[in-house]
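First the structure, in the form of structure tokens, and then the observations on it.
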Amino acid sequence: MTRAEVLEFLELPESATDHEIRIRMNDKLAYFQRLSENAPNDFLRKLHTSNTEKIRNLQTQMLGADLQQAARSHSYGNQREEARPVQSRKTEVAWLVRHTENQSAITFPLFYGKNHIGRNVQSNDPVILLDEDPYISRAHAVLEVININPLQIVVCDDAQSNGGKQSKNGTYVNGNDRRITQRTMIGPNDTIQVGMTKLIVRLNNTSIHKIVQEVEESDYMKTVVIDVF
55 MTRAEVLEFL ELPESATDHE IRIRMNDKLA YFQRLSENAP NDFLRKLHTS NTEKIRNLQT
115 QMLGADLQQA ARSHSYGNQR EEARPVQSRK TEVAWLVRHT ENQSAITFPL FYGKNHIGRN
175 VQSNDPVILL DEDPYISRAH AVLEVININP LQIVVCDDAQ SNGGKQSKNG TYVNGNDRRI
235 TQRTMIGPND TIQVGMTKLI VRLNNTSIHK IVQEVEESDY MKTVVIDVF
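By our numbering, the letter at position 5 of the sequence shown is numbered 59, and the numbering carries on one by one without gaps.
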């Protein structure tokens, strides 16, 4: 699809930014999924399912373009290293906040580059340790921050990115019942679920106390029921 066709499908103006397009895609995906689940007949179910797949394909295309741009930027940055210092891994660029029913909010910093999630991850990269959830694999998923402004994070739960194998129970985004099977882009206020733990992405643009307060006052994302058998 051309950009004009994408904007028409998403009902966005020509002036829409890539960030606005991603937000609308997430909204449309959830919308068509609800319509598909509650469709009164097969014809409408097929129609809404087709639109759902169209959104997923568009998200995949945008992710591929973003990764190519990130690679070009990285290559250009290497050539101009003296002019543009590399973002320090020691600086928090965003936060993950646990937002799970009947559990307290816990914050985890996200750093530029790869951040590993699991119960017992062995890595030289930053690690988000979640050892209280038995449904989380030892090495469960990888969150790779590829851009800071706007914040862009690639979620990976596959053998290539995650120590040789997928997680046992999957990684889910924004309440989608399908576990991710390919690199998936997320951003601010998106929610990922690993095991039975839900984590919401928040920008590092205010105090951590205020971030936690805002998350605690927000609604919970739907919990995906995991088939553990």
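Glycine included, each C-beta is placed from N, C-alpha and C at the ideal position.
query	result
What beta strand (DSSP E) runs, 3 residues minimum, are completely inside the stretch 171-229?	181-183, 195-201, 206-210 and 225-227
Does at least one heavy atom of the ligand SAM sit under 8 Å from the Cβ of residue 55?	With respect to the ligand SAM, the structure shown offers nothing to examine, as it has no ligands at all.
Report the rounded CA-to-CA distance for residue 266 versus residue 159, giving the unit in angstroms.	7 Å
With DSSP as the reference, please indicate the residues paired to residue 157 in a beta bridge.	None, per the DSSP bridge assignment.
According to DSSP, simplified to helix, strand and coil, what is residue 168?	strand
For residue 193, count neighbouring Cβ atoms within 10 angstroms of its own Cβ and tell me buried if that reaches 16, exposed if not.	buried
In its own chain, which residues sit with a C-beta less than 6 Å from the C-beta of residue 154, not counting the 5 before and 5 after it?	251 and 252
From 171, 206 and 186, pick the residue whose C-alpha is nearest to that of residue 212; which is it?	171
For residue 208, count neighbouring C-beta atoms within 10 Å of its own C-beta (all shown protein chains included) and say buried if the count is 16 or more, exposed if not.	buried
Given a threshold of 16 other Cβ atoms within 10 Å of its Cβ, counted over all protein chains shown, does residue 102 qualify as buried or as exposed?	buried
Considering only DSSP beta bridges, list what residue 247 is partnered with.	226 and 252
DSSP three-state label for residue 68, please.	coil
Which of the three DSSP states is assigned to residue 240 in this structure?	strand
Rounding to the nearest angstrom, what Cα-Cα distance links residue 181 and residue 196 in this structure?	9 Å
Closer than 9 Å, CB to CB, is residue 69 near chain D or not?	You won't find chain D in this structure, because it holds only one protein chain.
Output the distance between the C-alpha atoms of residue 86 and residue 107, rounded to the nearest integer angstrom.	9 Å
Give the range of the beta strand (DSSP E) segment to which residue 147 is assigned.	146-152
Between residue 148 and residue 205, how many whole angstroms is the CB-CB distance? I'm expecting something under 8 Å.	6 Å
Please list the terminal residues of the continuous alpha helix (DSSP H) segment that includes residue 264.	262-270
Work out the CA separation of residue 69 and residue 222 for me, nearest whole Å.	42 Å
Should residue 77 and residue 60 be called a contact, given that it needs their Cβ atoms to be closer than 9 Å?	no
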